[in-house]
DNA sequence: AATGATTTTGGAATCGATTCCAAAGCCCCG
DNA sequence: CGGGGCTTTGGAATCGATTCCAAAATCATT
């Protein structure tokens, strides 16, 4: 029992393929009686228009794709939810694919945009070099989220990572910390911006970083533990450590606690993202809330504009407001 | 600058479209000189075959899709990694889309299989009724993972949830627990199987459940806390509580600890999944390891068989071995 | 050099849905 | 009843890549 085609429906309904197509696409130029006959035939044959044929003719797919390294990041999963909701409202199907940081896999997925498998692309954390992102955005509909290449061609949505790191570092200083350390991720552009904000806040207070550690491989709970161990091995402990993510901060807190020290009394810890991990941690983490859901929504809006909008593409970045969330992993006042 | 077509490439290379297509598809029936000319033209025009045209003609897309409620579950993200790796090895592109438990969204995504946007579908946690899954699997290539409808037509991969719950409950009993409680998720088929295993282990030991609580909305950290509060309000505390997920167990541990009680001395806690949360928890959780990555791989293999295999489809379920991971949230010996 | 076998090529037909154009059908009004 | 305008319809052309068939080119052999 092969798939029914528009021809089969036309024959069954006793009309022409043109009429069937018109019914399918809600054209008003169809009589009620034809509409009914076609609807009946469609039901009878369990007909669905073949996507590839439709896409070929229409020259668009009504599908958009998001690429990220991982799926298990709370920020990404939340941003994708916003993206997906906005996409659905506009009649688009949204898909996501993890690249695992593998360039070849990423290329294969980006090719889906190049070969018209999807109409638009969201990049969360590209592995490819910046100039490739730029070249891609030059021709096709691409929007970056969280990690943004500062480019003419590409459009991006994120928080102001530098400012956010600045804000939370200032909070650490305000609560009395003088010897500050940082555990960051230099592999990510956002990580470098956060380092910058961290250093600016310090130098503005007349301080310098006591220690800055950067993960080499993954930036996760275990990395947090490992790097915290290095902090604990220092001759004189810092007062506070700013971590580039909640997950890493949680690892940090865990290692400190296991060593018999107390957070925040012996060593304050600050995270980033305000993911569920910040609340699961004991003590709960002071962190920066990223408006991930909204970032996703805004990203889709920008993508839609690029896909359908007039020639003049909107460019540059959009920064959404972040929020300092103060909890018990840092000292009071 | 419109997209180049196979016609353009043919003209530029000075050959026919047939030859271009043969080069694209690596047919041996092309002379070296033609091959070179075509390769040059492709590079010059930056040509990519249009997916929709190719898919239409070939009647397949080399794309597969996975559907799940959420993205942020560690089991799902890991299973999808296995699925994606296996897919890539076979030359398929794998995509994932969250449904948010919304039936309409799910239908729209399932339609991607019906209308040939993808060749196969993996279902992690369908929202649609069982008979719909079955009807779908009757006609098209569908494989279930984790949550499996026990059907003739559908093929599925999971662990033996009943047995796993039985095993971990027996461990609780072995370590001295007599008054056991459970916090589960009756909304999921796997949750119901786990409840069954829990009860079987109890009755085999001549015990009955002291308390069984089920989440009504989401099954997450906060739900764990909320339900743990109910346990703590009982006249006489249970010895141990089996939770249907690590995340919920973590919430449970947190609530118990905040109440000034100690895990496992006052109340032992067991989780499920062996996700990173099990290690982030203090004390770390005794739990059941699901071979999520392998489940994903096996699921793709099954899907591939359904997509390309001969008429006789493999049916039924495949159970992969789980593993009891003993940590500090349960008593020793 | 001719013949046959083999390799390589060109180009038309095809996949299925959409769209455009012309023709047919309908309605209304004088 | 005829004709101008409107609605509705049929069907061919189209989107771009693949594939099949026949023709052309090449090669080998005598």
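Residue numbers (the working numbering), protein chains in the order written: chain A, 1 to 333; chain B, 1001 to 1333.
Just so it is clear, CB atoms sit at the ideal spot from N, CA and C, and this is done for glycine as well.
Note that the structure is a prediction, hence the values are computed from the model and not measured.
> In or out: residue 1056 of chain B buried (at least 16 other Cβ within 10 Å) or exposed?
Replying inline: On the second chain, position 56 is the one that residue 1056 of chain B refers to. Label assigned to residue 1056 of chain B: buried.
> Does the beta carbon of residue 1253 of chain B fall short of 6 Å from some heavy atom of the ligand COA?
Replying inline: No copy of the ligand COA appears in this structure; indeed no ligand is present at all.
>> Taking its Cβ as the centre, do 16 or more other Cβ atoms sit within 10 Å of residue 1312 of chain B, making it buried, or is it exposed?
In response: Stepping through the second chain from its first residue, residue 1312 of chain B is reached at position 312. Below a pLDDT of 50, predicted positions are generally treated as unreliable, and residue 1312 of chain B, at 48, falls in that range; the measurement from the model is reported next regardless. The residue is exposed, with fewer than 16 neighbouring Cβ atoms inside 10 Å.
> chain B partners of residue 72 of chain A, CB-CB under 7 Å?
Replying inline: Looking up residue 72 of chain A in the first chain gives position 72. Neighbours of residue 72 of chain A on chain B, chain order: 1072, 1074, 1077.
> Among B/1159, B/1136, B/1141, which one has its Cα closest to the Cα of residue 1147 of chain B?
Replying inline: If you number the second chain from 1, residue 1147 of chain B lands on position 147. Of the listed residues, the one whose Cα sits closest to residue 1147 of chain B is B/1159.
> List, in order along the chain, the chain B residues whose C-beta lies closer than 9 Å to that of residue 134 of chain A?
Replying inline: Within the first chain, residue 134 of chain A is the residue found at index 134, counting from 1. Under the 9 Å cutoff, chain B gives no residues; its nearest Cβ is about 16 Å from residue 134 of chain A.
> Going along the chain, which unbroken runs of the beta strand (DSSP E) with 3 or more residues stay wholly within the region 247–323 of chain A?
Replying inline: Segments of the beta strand (DSSP E) lying fully in the region 247–323 of chain A: 268–270, 287–289, 316–320.
> What in chain B is Cβ-close to residue 80 of chain A, meaning under 9 Å?
Replying inline: The residue labelled residue 80 of chain A in the question sits at position 80 within the first chain. What residue 80 of chain A touches in chain B: 1071, 1098.
>> Strictly under 7 Å for the Cβ-Cβ distance: is residue 1051 of chain B near chain A by that measure?
In response: On the second chain, position 51 is the one that residue 1051 of chain B refers to. At a cut-off of 7 Å between beta carbons, residue 1051 of chain B contacts chain A.
> Going by DSSP, what residues sit across from residue 1066 of chain B in a beta bridge?
Replying inline: For the purposes of this step, residue 1066 of chain B is taken as the residue at position 66 of the second chain. Paired residue(s): B/1096, B/1122.
>> Taking 6 Å as the limit between beta carbons, can you name the residues of its chain near residue 1161 of chain B, skipping five residues before and five after?
In response: If you number the second chain from 1, residue 1161 of chain B lands on position 161. Once the five neighbours on either side are set aside, the close Cβ partners of residue 1161 of chain B are 1190, 1193, 1194.
> For the region 1207–1231 of chain B, which residues have a beta carbon sitting closer than 8 Å to at least one beta carbon of chain A?
Replying inline: Hits within the stretch, in order: 1220, 1221.
> So is residue 106 of chain A buried or exposed if we call it buried at 16+ other beta carbons inside 10 Å?
Replying inline: Position 106 of the first chain, counted from the start, is the residue given in the question as residue 106 of chain A. Under a 10 Å Cβ-count criterion, residue 106 of chain A is classified as buried, with 16 or more other Cβ atoms of the shown protein chains found around its own Cβ.
>> Which residues does DSSP list as the beta-bridge partners of residue 1234 of chain B?
In response: In the second chain, the residue the question calls residue 1234 of chain B occupies position 234. Beta-bridge pairing links residue 1234 of chain B to no other residue.
> For residue 73 of chain A, which residues from the same chain have a beta carbon less than 7 Å from its beta carbon, with the 5 sequence-adjacent residues on both sides left out?
Replying inline: Along the first chain, read from residue 1 onward, the residue named residue 73 of chain A stands at position 73. Taken in chain order, the list of residues that qualify is empty.
>> Going by DSSP in three states, residue 80 of chain A sits in which element: helix, strand or coil?
In response: Working through the first chain from its first residue, we reach residue 80 of chain A at position 80. Residue 80 of chain A: helix per DSSP, three-state reduction.
> Quick one: does residue 117 of chain A have its CB under 7 Å from some CB of chain B?
Replying inline: As a working mapping, residue 117 of chain A is identified with position 117 in the first chain. True, the Cβ-Cβ gap to chain B drops below 7 Å.
> So what's residue 133 of chain A in DSSP terms, helix, strand or just coil?
Replying inline: Walking along the first chain from the start, residue 133 of chain A turns up at place 133. Residue state, collapsed to three classes: helix.
> First and last residue of the alpha helix (DSSP H) that includes residue 1169 of chain B?
Replying inline: Working through the second chain from its first residue, we reach residue 1169 of chain B at position 169. For residue 1169 of chain B, the enclosing alpha helix (DSSP H) starts and ends at 1161–1174.
> Can you check whether the CB of residue 65 of chain A is closer than 7 Å to the CB of residue 118 of chain A?
Replying inline: As a position in the first chain, residue 118 of chain A is number 118, starting the count at 1. As a position in the first chain, residue 65 of chain A is number 65, starting the count at 1. Yes, these two residues count as a Cβ contact at 7 Å.
>> Quick check: what's the CA-CA separation for residue 196 of chain A versus residue 325 of chain A?
In response: Translated into the one-based positions of the first chain, residue 196 of chain A becomes position 196. Translated into the one-based positions of the first chain, residue 325 of chain A becomes position 325. Taking the straight line joining both Cα atoms gives about 20 Å.
> Which class does residue 1158 of chain B belong to by DSSP, given the choice of helix, strand or coil?
Replying inline: If you number the second chain from 1, residue 1158 of chain B lands on position 158. Three-state DSSP puts residue 1158 of chain B in a strand.
> Which chain B residues sit within Cβ distance under 7 Å of residue 276 of chain A?
Replying inline: The residue given as residue 276 of chain A occupies position 276 in the first chain. Under the 7 Å cutoff, chain B gives 1221.
>> Buried or exposed, going by whether 16 or more other CB atoms sit within 10 Å of the CB of residue 54 of chain A?
In response: As a working mapping, residue 54 of chain A is identified with position 54 in the first chain. It is buried - the Cβ of residue 54 of chain A has at least 16 other Cβ atoms within 10 Å.
>> Classify residue 2 of chain A: buried if its beta carbon has 16 or more other beta carbons within 10 angstroms, exposed otherwise.
In response: Residue numbering aside, residue 2 of chain A sits at position 2 when the first chain is read from its first letter. The residue in question, residue 2 of chain A, is exposed, as its Cβ has fewer than 16 Cβ neighbours within 10 Å.
>> Can you find the residues in the same chain that come closer than 7 Å, C-beta to C-beta, to residue 1331 of chain B, ignoring five residues on each side of it along the sequence?
In response: Here residue 1331 of chain B refers to the residue found at position 331 when the second chain is read from its first residue. Result list for residue 1331 of chain B: 1175, 1176, 1264, 1268, in chain order.
> chain A partners of residue 1403 of chain B, CB-CB under 8 Å?
Replying inline: Because residue 1403 of chain B is not part of the residues shown, which for chain B are 1001 to 1333, the question remains open.
>> I want to know whether the region 1226–1236 of chain B touches the region 1196–1206 of chain B - three or more CB-CB distances under 8 Å.
In response: Counting Cβ pairs under 8 Å, fewer than three are found: no touch.
> For the region 1162–1190 of chain B, which residues have a beta carbon sitting closer than 7 Å to at least one beta carbon of chain A?
Replying inline: Listed by position, the residues of the region 1162–1190 of chain B near chain A (Cβ gap below 7 Å) amount to none.
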